[in-house]
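One structure is given here, and the rest of the page talks about it.
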Amino acid sequence: MFAVFGTQMTLVQGRDQLLSREDPDVAAEVADILTSQGVDLRLGVRTAAVHREPDHGEVAMTLEDGSTVWGEELLVATRRTPVTANLGLESAGVATTDRGFVTVDGHLCTSAEHVWAAGDVAGSPQFTHVLWHDFRILKANLTGGHAVTTGWLVPYTVFVTPELARVGLSETEARRTGRRVAVARIPVSAIP
């Protein structure tokens, strides 16, 4: 978005592939789109140090390959983590995973009787529509139902132009499970 608005952008990522959850050809296509929009992609390199220059205020990001990226501002995107530390969950009998998520079953029940957890803290995929689905599961179960979170395919979108969306297994995931896969490709320019 910033690049489309005319801002010079550099995207630094430690992994060699952009969008590591996607098939390599899909990730490469998105990388090409970003590059065509003027984004300077630096893949497969990590940040070694960051500081703001006191005299002119620019941010200097030194990469492990010895290069430096300069900019007015720095946006750091990291994964989400649950905020469960120091809540005393263990004293209530609520178990957590090694990453801090509350352990739940398919009904969103925790290890403590009459205690449920939902959404980001329960380790659900971190999308608004999934959190809404968790709410429906809880509502049904709290009123005597037996709804489960399992067996639901989670759609998601990566907001680039054009958008990237997927539901279900990627081609790589499907092949890994031994499924027969048929791939069809159509350029976005052919879509009305």
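The sequence shown begins at 1 in my numbering and counts up by one.
The beta-carbon is built from N, C-alpha and C at its ideal position, and this holds for glycine as well.
Just so we're clear, the structure is a prediction, and the values are computed from it rather than from any experiment.
{"Query": "The alpha helix (DSSP H) that contains Arg42, what's its start and end?", "Result": "Careful: Arg42 lies outside any alpha helix (DSSP H), inside the beta strand (DSSP E) at 39 to 43."}
{"Query": "What first and last residue would you give for the alpha helix (DSSP H) that runs through Trp132?", "Result": "128 to 142"}
{"Query": "Taking the straight line between their C-alpha atoms, what separation do you get for Gly93 and His133?", "Result": "25 Å"}
{"Query": "Could you tell me the distance, in whole angstroms, from the CA atom of Ala165 to the CA atom of Asp55?", "Result": "44 Å"}
{"Query": "Among the residues of its own chain, which have a CB less than 6 Å from the CB of Met61, if the five just before and after it don't count?", "Result": "Thr47, Val50, Val69"}
{"Query": "Might you give, ordered along the chain, the residues of its own chain that have their beta carbon closer than 7 Å to the beta carbon of Glu53, omitting 5 neighbours on each side?", "Result": "Ala60"}
{"Query": "Can you check which of these residues, Val183, Leu108, Gly14, is closest to Thr63 by C-alpha distance?", "Result": "Checking the sequence shown, residue 63 turns out to be Leu, not Thr. It is Gly14."}
{"Query": "Suppose you measure from the CA of Ala259 to the CA of Ser20; what does that come to, to the nearest Å?", "Result": "Any answer about residue 259 is impossible in this case: the structure gives the chain only from 1 up to 192."}
{"Query": "How is the beta strand (DSSP E) around Leu63 delimited, first residue to last?", "Result": "59 to 63"}
{"Query": "Would you tell me roughly how many angstroms separate the C-alpha atoms of Val121 and Asp16, rounded to the nearest one?", "Result": "30 Å"}
{"Query": "In whole angstroms, what separates the C-alpha of Glu173 from that of Ala140?", "Result": "32 Å"}
{"Query": "Would you say Phe101 and Gly123 are within 8 Å of each other, going by their C-beta atoms?", "Result": "yes"}
{"Query": "Nearest-angstrom Cα distance between Arg185 and Pro125?", "Result": "28 Å"}
{"Query": "Roughly how many angstroms lie between the CA atoms of His107 and Leu138, to the nearest whole one?", "Result": "7 Å"}
{"Query": "When the Cα of Gly168 is compared with those of Gly151, Phe135, Val158, Val160, which residue comes out closest?", "Result": "Gly151"}
{"Query": "Looking at Leu34 and Leu41, is the spacing between their C-beta atoms short of 8 Å?", "Result": "yes"}
{"Query": "Specify the secondary structure class of Ala31 as computed by DSSP and reduced to three states.", "Result": "helix"}
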